[in-house]
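Residue numbers (our numbering): 1 to 91.
Built from N, CA and C at the ideal position, the CB exists for glycine as well.
The structure presented is a predicted model; accordingly, all values stated were derived computationally and were not measured.
Taking it in order: structure first as structure tokens, then the write-up.
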Amino acid sequence: MRVRARVRFHGRVQGVYFRAHCREKAKELGLDGFVRNLPDGTVEAVLEGDRDSVVACIEWNRTSQPLARVTAVDTEWTAATGAFQGFEIRA
């Protein structure tokens, strides 16, 4: 079953290619959605796909981003809407 996660990453996550790496991992895992910087210095990602792949993407971004340092992750789970085709970086 497809799910949606709206995720906010806190810490050193802007100016370190976080969004580009997030997009690469999401595409590798077959996820749809987007990632964007927020004015408060956090990064928001909306991920849709099978639950295991979404969890894997969140965990990878939390622990394996090469230049970032994630200090906290907030995740809100809902049912997938199918609103996205592919994965993009938004401004």
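Return the CA-CA distance between residue i and residue j, expressed in angstroms with no decimal places.
i     : j     : result
ASP74 : HIS21 : 19 Å
LEU31 : VAL54 : 7 Å
GLY85 : ALA79 : The residue you asked about is not Gly; residue 85 is Gln in the sequence shown. Their backbone Cα atoms lie some 16 Å apart in a straight line.
HIS10 : GLU28 : 23 Å
THR81 : MET1  : 12 Å
Locate the beta strand (DSSP E) running through residue i, then write down its first and last residues.
i     : result
THR78 : 69 to 79
ASP32 : 32 to 37
GLY82 : Here GLY82 belongs to no beta strand (DSSP E), and DSSP marks it neither H nor E.
Cutting at 7 Å between CB atoms, please list the residues of its own chain near residue i, excluding the five before and the five after it.
i     : result
ALA26 : GLY33, LEU47, CYS57 and PHE87
Just reading off the alpha helix (DSSP H) that residue i is part of, what are its end residues?
i     : result
ALA45 : Premise fails: ALA45 lies in the beta strand (DSSP E), 43 to 50, not in any alpha helix (DSSP H).
Suppose the cutoff is 8 Å on Cβ atoms and the five residues either side in sequence are ignored; what does the same chain contact list for residue i look like?
i     : result
TRP60 : LYS25
Tell me residue i's beta-bridge partners as DSSP assigns them.
i     : result
PHE87 : GLY33
Anyone know if the C-beta pair for residue i and residue j falls short of 8 Å?
i     : j     : result
ARG8  : GLU44 : yes
ARG23 : ILE89 : yes
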